[in-house]
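Protein chains in written order, with this note's numbering: chain A, 1 to 291; chain B, 1001 to 1291.
The structure is reproduced here in structure tokens:
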């Protein structure tokens, strides 16, 4: 048994969707959530800058006596997971890319998988690589859907505007011909498409950013009812549960607890974060920390 | 005569709309533009964090031997102009809020002025104060239109989605009754409405963010043909020209020059910035600097 907290790190409030899944999967655990709101978003920044920020944040979080760390931000997982693992010396460090890729490979029948994420996540190619490691013949069509982040933060994740934006990004990804799919890549920020199943449409869509589950309804309206959607929050929570052997579990009967840290504006963290967490946070629930 | 460069500081690429206006207004001058792209956007961050970042950037820019500084970012102007002026000891430092407020007061007939900006600019109330200083009986209706920033950065500033987003934000601001206008304030991030002309609709709209001129067409489609639109880029360029007395002007016959500095990703600065500047930049035109 180990009653130390689990650290959850994100660039801002998006990772609260992962925290929510973790709290559901691991009752009785204590969590410390750190949102690097002073430097968000990570999704439009270079891999070098994201890695520098993420390492600083991970080190700050490790000083709270945590027993494991979850890198909830897809962009940070893509840019810096190996570096964070090196620095944390033996502590379990779980990112969101590998669990998401595993889930996509498991549910896809055709092997043609679409991935959407921030500019940085898509450009870095981490999902594409993780999927190909597990399923070398998979075809991966990837596209940056950067505006989804702002829509979710602004509370505009539902309704006709959200659906129009989803169609703007996704229509070309889910067109039936290989040629049309190629044109989607050219207009996206970056992409990779390799492997089998050319000329098909993807049967699976990975929501490769913690903000995107907020837009699940609009995305579903754009892609139709048959596409399998993979939300890495749920799959990451299961992966964390598997990595916590008996010696790292909380004692039975404990009440789940969460402590919230942010590097800027507790008021905005609480206001915007409440939507992502699905429960009301007050600014006084959030501690301001300096990295 | 003074052939030292004019420093232009912005949180990212939005200030390139101001740089473009400056280069048009002040031919023969040398400009050094610094975009703090590693920490953008400023618009969703607290005033304290914005002021800290802006002061660091202003100090870095001052080391390039500049003769005057333009704070092109509305959020930074709102949060930190007095502090930057203090630190720059006698160097002319020109922000974008006062020129925008002056232009709005000049063109508004009714005295009812609408201001749109980032969360931080609207919440801080700097436009509202600047307008009331010049025209104490003015009524100011202010609203944060945060998604405009992401639309402009993503190249989605035109077309039906941009117009729908503009209507989403602006319809309530430009409704004819006082009651409806009040409901617009409640749904915005922050607002102030004081002074004369209650129950009227604004006759003037201040584009209080450097990103918003990119959306001028969509905003015009939403507000109709009669509203006067004030873009602070042009008015700021005129204000800078007035502040540069003969002793601070460039020698006649010099060729205008611009040097671009960014704190992250020259590639993205060039790609997204080209749209704002209206001419093609290459990544190799942009120097990476560390603050």
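By construction, the Cβ of each residue, glycine as well, lies at the ideal position given by its N, Cα and C atoms.
Query raised in the report: DSSP on residue 287(A), reduced to helix/strand/coil?
Result: strand
Report task. Tell me the start and end of each unbroken alpha helix (DSSP H) in the region 66-113 of chain A that is at least 4 residues and wholly inside, in chain order. Result -> 74-88 and 97-107
Query raised in the report: Would you say residue 1091(B) and residue 1009(B) are within 8 Å of each other, going by their C-beta atoms?
Result: no
Query raised in the report: Can you give the Cα-Cα distance for residue 166(A) and residue 1159(B), rounded to whole angstroms?
Result: 15 Å
**Report entry** Proximal residues to residue 970(B) (C-beta, below 7 Å), its chain only, five neighbours per side dropped
**Finding:** As displayed, chain B neither begins before 1001 nor continues past 1291, which places residue 970(B) out of reach and without an answer.
Query - Short CB-CB distance (under 8 Å) between residue 1163(B) and chain A - result: no
Query raised in the report: residue 1054(B): which of 1288(B), 1263(B), 1269(B) and 1276(B) sits nearest, CA to CA?
Result: 1263(B)
Query raised in the report: Of all Cβ atoms in chain B, is any one closer than 8 Å to the Cβ of residue 276(A)?
Result: no
Report task. Could you pull out every residue in the same chain whose Cβ sits closer than 6 Å to the Cβ of residue 276(A), ignoring the five residues on either side in sequence? Result -> 13, 16 and 17
**Report entry** DSSP bridge partner residues for residue 1205(B) (one or two, in chain order)
**Finding:** 1114(B) and 1229(B)
Query raised in the report: From this set, 169(A), 141(A), 106(A) and 117(A), which residue's C-alpha is nearest residue 211(A)'s C-alpha?
Result: 117(A)
**Report entry** Cβ contact (3+ pairs, closer than 8 Å) linking the region 1229-1246 of chain B and the region 1090-1105 of chain B
**Finding:** yes
Query - Min CB distance residue 1146(B) to chain A below 8 Å - result: yes
Query raised in the report: So which residues on chain A does residue 1156(B) lean against when the C-beta distance must stay under 7 Å?
Result: 147
Query - Local Cβ density within 10 Å of residue 1128(B), reported as buried at 16 or more and exposed below that - result: buried
Report task. State whether the region 1151-1158 of chain B contacts the region 1234-1253 of chain B, with contact taken as three or more CB pairs (one from each stretch) at a distance under 8 Å. Result -> no
Query raised in the report: Using a Cβ-Cβ cut-off of 6 Å (strictly less than) and excluding sequence neighbours within five positions of residue 1084(B), which residues of its own chain qualify?
Result: 1058 and 1093
Report task. Count the other C-beta atoms from every protein chain shown that fall within 10 angstroms of the C-beta of residue 76(A), then say buried if there are 16 or more, exposed otherwise. Result -> buried
Requested in this report: Answer yes or no: does any C-beta atom of chain A fall closer than 8 Å to that of residue 1282(B)?
Outcome: no
Report task. Spell out the partners DSSP gives residue 142(A) in its beta bridges. Result -> 115(A)
Query raised in the report: residue 1134(B) versus chain E: which residues are under 7 Å apart at the beta carbon?
Result: The question asks about chain E, but that chain is absent: this structure's protein chains are A and B.
Query raised in the report: So, is the C-beta of residue 1273(B) closer than 8 Å to a C-beta in chain A?
Result: no
Requested in this report: Can you give me, in chain order, the residues of the region 72-85 of chain A that have a beta carbon less than 8 Å from any beta carbon in chain B?
Outcome: none
Query raised in the report: Does the beta carbon of residue 11(A) sit closer than 8 Å to a beta carbon anywhere in chain B?
Result: no
Query raised in the report: Is the Cβ of residue 49(A) closer than 8 Å to any Cβ of chain B?
Result: yes
**Report entry** Under the three-state DSSP convention, the category residue 55(A) falls into
**Finding:** helix
Query - Chain-ordered residues of the region 1241-1272 of chain B with a beta carbon less than 7 Å from chain A - result: 1264, 1265 and 1268
Requested in this report: Note down the Cα distance separating residue 1137(B) from residue 1170(B), rounded to an integer number of angstroms.
Outcome: 23 Å
Requested in this report: Mind listing the chain A neighbours of residue 1046(B)? Cutoff is C-beta to C-beta under 7 Å, in chain order.
Outcome: 264 and 265
Query - Buried or exposed (CB count within 10 angstroms, at least 16 for buried), residue 1041(B) - result: buried
Query raised in the report: Does any CB atom of chain A fall closer than 8 Å to the CB of residue 1039(B)?
Result: yes
Requested in this report: Tell me, please, which residues DSSP counts as bridged to residue 10(A).
Outcome: 35(A)
Requested in this report: Establish whether the CB of residue 150(A) and some CB of chain B are separated by less than 8 Å.
Outcome: yes
Query raised in the report: Are the C-beta of residue 1211(B) and some C-beta of chain A separated by less than 8 Å?
Result: no
**Report entry** Secondary structure of residue 1262(B), DSSP reduced to three states
**Finding:** strand
Report task. Quick one: list the residues of chain A neighbouring residue 1160(B), beta-carbon separation under 8 Å, in chain order. Result -> 164
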